[in-house]
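The structure appears right after this line, and notes come after that.
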Amino acid sequence: MENSSFSSDLDASLPQGVPPHEPAADAPTDTSSLASASASQPLPLEPLKPRTDFSQLSAHTAAIRRELAKVIVGQQDLAELLLTALLADGHVLLEGVPGVAKTLTAKLLSRTLDVPFSRLQFTPDLMPSDVLGTSVFRPQRGEFEFRPGPIFASIVLIDEINRAPAKTQSALFEVMEERHVTQDGTTYPMPEPFLVLATQNPVEQEGTYRLPEAQLDRFLFKLHVGYPTMEEEVRILLGHHSGFGGVTADVVQPVLTAAQLADMRQLVRQQHVEPKLLEYIARLVGQTRSHKGLYLGASPRASIALLNGAKALAALRGRDFVTPEDIQYLAPAVLRHRIQLTPEREMEGGTPDDIVKQIIQQIEVPR
Amino acid sequence: MLLPRVLLTFLLFSISFLRGMQFRPALGLVLGLALLAQAQAAPGPAAQSPLRPTKAPIVPPEALRSDTLANRNTPISLPADQQAPVALRRPPEKRLQDLRGQREFQYVKPNEEPKDPSMWSLLWWRLSEWFRKLLSGADYENRGRYVVYALFGVAFLYVLARLLRLDFTNVFGRRARTVPLPYESAIEDIHAVDFTASLTEAESAANYRLAVRLGYLQVLRHLTERHLIDWQPEKTNHHYLQELAGTRWAPDFATLTRQFEYVWYGELPIAPGDYPALRESRQQFLHQLTRVAA
Chain A
18 MENSSFSSDL DASLPQGVPP HEPAADAPTD TSSLASASAS QPLPLEPLKP RTDFSQLSAH
78 TAAIRRELAK VIVGQQDLAE LLLTALLADG HVLLEGVPGV AKTLTAKLLS RTLDVPFSRL
138 QFTPDLMPSD VLGTSVFRPQ RGEFEFRPGP IFASIVLIDE INRAPAKTQS ALFEVMEERH
198 VTQDGTTYPM PEPFLVLATQ NPVEQEGTYR LPEAQLDRFL FKLHVGYPTM EEEVRILLGH
258 HSGFGGVTAD VVQPVLTAAQ LADMRQLVRQ QHVEPKLLEY IARLVGQTRS HKGLYLGASP
318 RASIALLNGA KALAALRGRD FVTPEDIQYL APAVLRHRIQ LTPEREMEGG TPDDIVKQII
378 QQIEVPR
Chain B
63 MLLPRVLLTF LLFSISFLRG MQFRPALGLV LGLALLAQAQ AAPGPAAQSP LRPTKAPIVP
123 PEALRSDTLA NRNTPISLPA DQQAPVALRR PPEKRLQDLR GQREFQYVKP NEEPKDPSMW
183 SLLWWRLSEW FRKLLSGADY ENRGRYVVYA LFGVAFLYVL ARLLRLDFTN VFGRRARTVP
243 LPYESAIEDI HAVDFTASLT EAESAANYRL AVRLGYLQVL RHLTERHLID WQPEKTNHHY
303 LQELAGTRWA PDFATLTRQF EYVWYGELPI APGDYPALRE SRQQFLHQLT RVAA
């Protein structure tokens, strides 16, 4: 079993389209004997054994992927990053133009978990008490009673989060970071797990408010939801055409309980990280604070987010340790909403992702 | 003739504006203004159309013309001036000084040095005097105007540099600061390491983790020397796997990569009995690589 999990990890780490032991097209021509020798004598099996059993975790995440794939076409990377955030216990901000299934993906992910779910549609006139809850007076008892708001759920889907002004958005500061709500001097803890999935349209569109930096920093990832490819779009159309309107969300069933998720998160927390990789994370995030194209760099919270995300991604990929690939893969999603470009760089058409890419290219991978 | 041209200009501009094209209104406006300018610059109607009959000059009647001074033959004699020379009157000096001292008659405010000045006000006065002299009077002709030209030149170059998106920040000193974090692997060059000696040393010291790492770096160097991968410090192992995708070396290199990652990043302890298998896999890969190259 252990060897088989190793093999699956190897297969996962192979680039797309690499057939095992296929003769090379650009290999030297005088190698026929060697090629046969290589095929007949594979490299000896390594005497290495993984320290953590990820079979349950792999089974659960595969089940979630299957459930999502019943409705969502494509978006494999998005599903992987959402699962990573779920394992890393971090909130996710989904950004994309209307109509690319941001809300649907978030809603379906919440359906795969057997935990309380609530949805908030942010509007310009929404008040903080509409989110957090409010105290109402009970004349019979002669006292105030706290009525919890819709934020009191395990999975909270906040749709169009940038439609509400900063006053309402700032109501989320405490609950997103500290996982509790303080009202009238009383602190109400949030249930476990607690995950905020927020969607927003790009701020260039009318009727939106830019999220405060303090709130953006509370999101583990900001994920761009892009357009599907031509093949994926044809599959979407085929699904809608054959189903006369598409598959309903009811086909997605809960496959994970809160207790199972807690166990998985415990495994993630125990992931091994080599000290040089901690330095690598610190250098990556530290460079954002001194880059000349950036007006605002990332905070130490970003370093922690990158570390937690990398540990979760490594577990998702069947490893009990973090590699530089995990860090590089997650760096844009962790950093893009935590850094601000200088006006000059913004006028030149630069994006945060460009800067993150530059920084990654500037720092040597520990090896 | 001017009114039709004005109307024509307005008509051209209106038509082109209604067409809704982006540059047509400007084109119509330019065309109309050109016609107007031609109308203004053109000579008068008489010179412009020689065939048009000219008006006859107005001539005074004969009776009036015969009584002018030019027709008289007798000279005119004027009486001599008998008056005394005009005496120049001067206002009293005191009165003149009073008037000069009044504020209403101070047409030009004298920029006098402040009386009983502080160092700060004296500095400002001298600075303003220097600028005033530089930008007016003879100093402007001699020196000041060149300063103004230079300022305009610098502003033009700045605008040009911004338009061309030239970045001189590195030239003028602002550099991206580097975070001072010690990082010893940054100074390691795989082309400069004596892998045979280092490997022997690590194996004899039973430091198998280091030996696996050195062995993997040796593999990377051989792949680089055979131009199978493009070694760069910022690339991860996955990048090299992608570069080898489709070649015969990809599967075995993936195995070696996995070994390295479990041992180095995962820090899995290696028993002395397990290391020979790892060394064997590396040597087998290098042997094949060397034989193919030969």
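These protein sequence lines are chains A and B, in that order.
The numbers in the working numbering rise by one with no breaks, and the one at position 331 of the first sequence is 348.
The numbers in the working numbering rise by one with no breaks, and the one at position 193 of the second sequence is 255.
We put the CB at the ideal spot given by N, CA and C, even for glycine.
The count of Cβ pairs closer than 8 Å, one atom from the stretch 272-286 of chain A and one from the stretch 327-340 of chain A, reaches three, so the stretches are in contact.
Not flagged as an interface residue toward chain A: PRO176 (chain B), since no C-beta distance is shorter than 8 Å. Collapsing the DSSP output to three states places ALA118 (chain B) in coil. For GLU329 (chain B), no beta strand (DSSP E) encloses it, and the DSSP letter there is neither H nor E. Going by beta carbons, GLN217 (chain A) and SER152 (chain A) fall outside the 8 Å limit. At a cut-off of 8 Å, the C-beta of GLU342 (chain A) has a neighbouring C-beta in chain B. Setting aside the 5 residues that flank it on each side, HIS197 (chain A) is surrounded in the same chain by GLU191, THR204, TYR205, PRO206 and MET207, each with a C-beta closer than 8 Å to its C-beta; the list follows chain order. Buried is the label assigned to ASN325 (chain A), since at least 16 other Cβ atoms lie within 10 Å of its Cβ.
When secondary structure is reduced to three states using DSSP, VAL242 (chain A) falls in the coil class, being assigned neither helix nor strand. Within its own chain, the residues whose Cβ lies closer than 8 Å to the Cβ of GLN277 (chain A), once the five positions on either side in sequence are excluded, are GLN73 and HIS77, listed in chain order. According to the DSSP assignment, ARG362 (chain A) belongs to the alpha helix (DSSP H) that extends over 360-364. Bounds of the beta strand (DSSP E) holding THR204 (chain A) are 203-206. Under DSSP, LEU212 (chain A) forms a beta bridge with A:ILE172.
The CB of LYS297 (chain B) comes closer than 7 Å to the CB of VAL382 in chain A, given here in chain order. In the three-state scheme derived from DSSP, where H, G and I count as helix and E and B as strand, VAL114 (chain A) is classed as coil. Under the Cβ criterion of 8 Å, GLN287 (chain A) is not counted among the residues facing chain B. Rounded to the nearest angstrom, the Cβ distance from SER171 (chain A) to PHE211 (chain A) is 6 Å, consistent with a contact under 8 Å. Under DSSP, PRO182 (chain A) shares a beta bridge with no residue.
With a threshold of 16 other beta carbon atoms within 10 Å, HIS108 (chain A) meets it and is buried.
By the neighbour-count criterion, in which 16 or more other beta carbons inside 10 Å mark a residue as buried, GLY224 (chain A) falls on the exposed side.
The beta carbon of TYR327 (chain B) falls within 8 Å of a beta carbon belonging to chain A, placing the residue at that interface.
Take VAL255 (chain B), set aside five residues on each side of it, and no residue of its chain has a beta-carbon closer than 6 Å to its own. DSSP places SER152 (chain A) in the strand class (E or B) of the three-state scheme.
Residue pairing from DSSP leaves SER146 (chain A) without any beta-bridge partner. In the DSSP assignment, THR317 (chain B) falls within the unbroken alpha helix (DSSP H) covering 312-322. Assignment of SER320 (chain A) by DSSP, reduced to helix, strand and coil, places it in the helix class. GLN350 (chain B) and THR258 (chain B) have their C-alpha atoms spaced approximately 18 Å apart. In the displayed model, PRO165 (chain A) falls within a strand according to three-state DSSP.
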